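Numbering (the working numbering), first residue to last: 4 to 98.
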Amino acid sequence: MINIIAEGTLPQKNKNAFLELAKPLIEASQKETGNIFYHLHECLDNTEKIAFIECWADQSAIDSHNASKHFTTICPQLNELLSQPLKITLYKTLL
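Structural data, given as structure tokens:
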């Protein structure tokens with residue numbers, strides 16, 4: 004399995020618009036073949052810090068996701084609402 008953590012800073016003034024855009028992205032992504040989970044989180048200590056935390060069966064599933072219409076359409080709009088583009092880190096499951 005491959006886990007993705009995509010972290011960013013979301014100004015409070017953009018939160019509602021971001022959540023409205025993120026909801027259909029998350030719902031469609033959760034239905035994709037190879038998706039284990041796909042959630043959006045907010046930091047407990049800093050509500051402007053957000054993270055998409057995802058788990059995929061393999062790189063092929065990630066490649067399909069990254070090419071999907073919902074991803075290629077919605078993600079650029081989400082990035083416009085952030086202070087800067089998401090910082091994306093991939094992890095492989097060890098245990």
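C-beta atoms are modelled at their ideal positions from N, C-alpha and C, and glycine is treated no differently. It should be emphasised that the depicted structure is a prediction, and the values quoted were computed from it without experimental measurement.
Measure the CB-CB distance between residue i and residue j and report whether it falls below 8 Å.
i, j, result
"C58", "F74", "no"
"A64", "L43", "no"
"L89", "E30", "no"
"I8", "Q62", "no"
"T92", "E51", "no"
Judging by CA-CA distance, which residue of the options is the nearest neighbour of residue i?
i, options, result
"A60", "K95, G11, F21", "K95"
"F21", "A54, T92, L93", "A54"
"S67", "E23, K34, T12", "K34"
"S32", "L97, P79, A70", "A70"
"P27", "L93, L81, E45", "L81"
"E23", "I77, G37, T36", "I77"
"E45", "K72, L97, P79, I56", "I56"
Name the DSSP beta bridge partners of residue i, please?
i, result
"N6", "C58, Y94"
Taking three-plus beta-carbon pairs below 8 Å as touching, is the stretch 12-20 in contact with the stretch 83-95?
yes
Along the chain, which unbroken stretches of the beta strand (DSSP E) at least 3 residues long are found entirely within the stretch 25-97?
38-45, 52-59, 90-95
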